[in-house]
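S.K.:
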Amino acid sequence: MNRVIAVFTKESFLVPLVAIILGLLTGAIAMLAGGFNPAKAYMALIEKVFGSAYNFGETIRQITPLIFTGLAVAFAFRTGLFNIGAEGQFIAGMIASTAVGVSFDLPAYIHAPLAVIAGAIAGGLWGSIAGYLKAARGVNEVITSIMLNWVALYLGNWIMNAFYVPSGQQRSEMIHDSASITIGWLSEMFDSARLHWGTLIAVIAAIFFYVILWKTKSGFELRAVGLNPHASEYAGMNVNRNVVKAMFIGGMFAGIGGASEVLGVFHYQAIMTAQPGYGFDGIAVALIGGNTPLGVILGAILFGILTFGAAGMKFGAGVPVELIRVVIASVIFFVAAHGIVKVFIKPILKKQKEGGN
1 MNRVIAVFTK ESFLVPLVAI ILGLLTGAIA MLAGGFNPAK AYMALIEKVF
51 GSAYNFGETI RQITPLIFTG LAVAFAFRTG LFNIGAEGQF IAGMIASTAV
101 GVSFDLPAYI HAPLAVIAGA IAGGLWGSIA GYLKAARGVN EVITSIMLNW
151 VALYLGNWIM NAFYVPSGQQ RSEMIHDSAS ITIGWLSEMF DSARLHWGTL
201 IAVIAAIFFY VILWKTKSGF ELRAVGLNPH ASEYAGMNVN RNVVKAMFIG
251 GMFAGIGGAS EVLGVFHYQA IMTAQPGYGF DGIAVALIGG NTPLGVILGA
301 ILFGILTFGA AGMKFGAGVP VELIRVVIAS VIFFVAAHGI VKVFIKPILK
351 KQKEGGN
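Counting from 1, one number per residue, gives the positions in the sequence shown under UniProt numbering.
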């Protein structure tokens, strides 16, 4: 029992928890200032998410891509890199999986995995471009990854228009059923919510994240290069190769997320007028989750609930959807501002220290 209490009173656990509470309180103050009832708004949010099987299933569907992009950002952060390009890697995964899903007609046990793998490789290769430019030319990965987001958007639209979009349409042909990763029986249980195998793959990806970084020699090198590239190079590690590898693996996570959206949710790729936004939301998820795999999953759950439940706040309590962004922004602010949060958790930590003595 004492061990359980110790886990829940660790600073690494308390900081994001208190940040979330402070973010919700800040959102409540903003609602009061706007003349809205925060209690009614948050109740409407909860009712929207958990009020029906369909809404709960769609919330899970909303959470899934956030796990992937959160892992993509967090993995790079753990290796000393800033992967702001998860958005472009996500799009690359969407395009590659669409191409495989539409172009081939194979048995389902080959076609669906092949389409997912294609999305992973496309996302990884797109991420490795920024990694290569960083390693070979010393170009800051923040700049290149942001620019690559826009390149992915417009290049993806060109590819779709040139090869996969029928004349006069704004979306590609439907992927073959054999490439779909939708779980039909589970969707029926949740009143036709768009549930798919991507959610399970996201959990497996989080486990892979943990294993490769903390249980393998390659992961040790990746973390060492991130902490001190000069010392790592002196120790005989190939710094440039590890930079590219880190961006490739991070890009793979985002690419699988994009593939899951196409293969499990829409079953086609639309011509995009704007970026999907999951990659940028993944930055927030990674920050809230402390760049750990479990933290990313929990951060994605929080982010997904707030995002999907925002519609409930609007229709149930009349609160503008934009106010939910105030809540999310406040949570991110307090997670980043550790000093402010530690003021609130200092009594708890002090009491724990005295108890330990």
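Glycine is no exception: its CB is placed at the ideal position from the N, C-alpha and C atoms.
Every value quoted in this text rests on a predicted model; they were computed, and no experiment measured them.
1) Here's the rule: buried if 16 or more other CB atoms are within 10 angstroms of the residue's CB, otherwise exposed. What is residue 278?
2) Taking the straight line between their C-alpha atoms, what separation do you get for residue 136 and residue 240?
3) With DSSP collapsed to three states, give me the class of residue 194.
4) In terms of alpha-carbon separation, which member of 26, 264, 306, 271 lies closest to residue 284?
5) Quick one: complete alpha helix (DSSP H) runs, 4+ long, within the region 248-315?
6) Can you round the beta-carbon distance between residue 312 and residue 47 to whole angstroms, since I take them to be within the 8 angstroms contact cut?
7) If I follow the unbroken alpha helix (DSSP H) through residue 189, where does it start and stop?
8) Please identify the residue among 263, 272, 226 whose C-alpha is closest to the C-alpha of residue 170.
9) Where residue 122 and residue 62 are concerned, what is the direct C-alpha to C-alpha distance, given to the nearest angstrom?
10) If you draw a straight line from the alpha carbon of residue 95 to that of residue 202, how long is it in whole angstroms?
11) In angstroms, rounded to a whole number, what distance separates the CA positions of residue 156 and residue 92?
12) Go ahead and label residue 154 buried or exposed: buried means 16 or more other beta carbons lie within 10 angstroms of its beta carbon, across all protein chains shown.
13) Are residue 119 and residue 97 closer than 8 angstroms when you measure CB to CB?
14) Within 10 Å of its beta-carbon, does residue 297 have 16 or more other beta-carbons around it, so buried, or fewer, so exposed?
15) Alpha carbon to alpha carbon, how far is residue 70 from residue 9? Give it in angstroms, no decimals.
16) Would you say the region 159-178 touches the region 24-41, given that touching needs at least three Cβ pairs under 8 angstroms?
17) In chain order, what are the residue ranges of uninterrupted alpha helix (DSSP H) at least 4 long that sit wholly in the region 84-141?
18) Are the CB atoms of residue 65 and residue 290 within a distance shorter than 8 angstroms?
M.R.: In this structure, then:
1) buried
2) 7 angstroms
3) coil
4) 306
5) 278-288
6) So it is a contact: roughly 6 angstroms between Cβ atoms.
7) 184-189
8) 272
9) 22 angstroms
10) Taking the straight line joining both Cα atoms gives about 19 angstroms.
11) 7 angstroms
12) exposed
13) yes
14) buried
15) Any reading at residue 9 needs caution, since the residue's pLDDT is 45, under 50, leaving its predicted position unreliable; the model's value is listed next. Straight-line Cα distance between these residues: approximately 25 angstroms.
16) no
17) 86-103, 108-137
18) no
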